[in-house]
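Participant: The structure's right below; bear with me while I get my questions together.
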């Protein structure tokens, strides 16, 4: 189940060109929640740390 959730988040991020806020809206979850899930699944990108 976790692998499916990870894939869904990855696809949402791809569809929004890495925009985490838009990806969260697309998934119907909060911005804080997508950050937590990205951390959990090691999906944090170094590109967003600039």
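Residue numbers (our numbering): 3 to 52.
Each residue gets a CB set at the ideal place from its N, CA and C atoms; glycine is no exception.
1. Measure the Cβ-Cβ separation of residue 9 and residue 45 and say whether it is below 8 Å.
2. Sorted by chain position, which residues of the same chain lie with C-beta nearer than 6 Å to residue 18's C-beta, five sequence neighbours on each side aside?
3. Residues in its own chain within less than 6 Å of residue 50 by CB, not counting five upstream and five downstream?
4. Taking DSSP as the reference, what is the three-state secondary structure of residue 19?
5. Can you have a look at residue 3 and say buried or exposed, based on whether 16 or more other CB atoms are within 10 angstroms of its CB?
Facilitator: With the structure as the only source:
1. no
2. 24, 25
3. Legend: pLDDT at residue 50 = 47, less than 50; position of this residue unreliable, no value from coordinates given.
4. DSSP places residue 19 in coil when its eight states are reduced to three.
5. exposed
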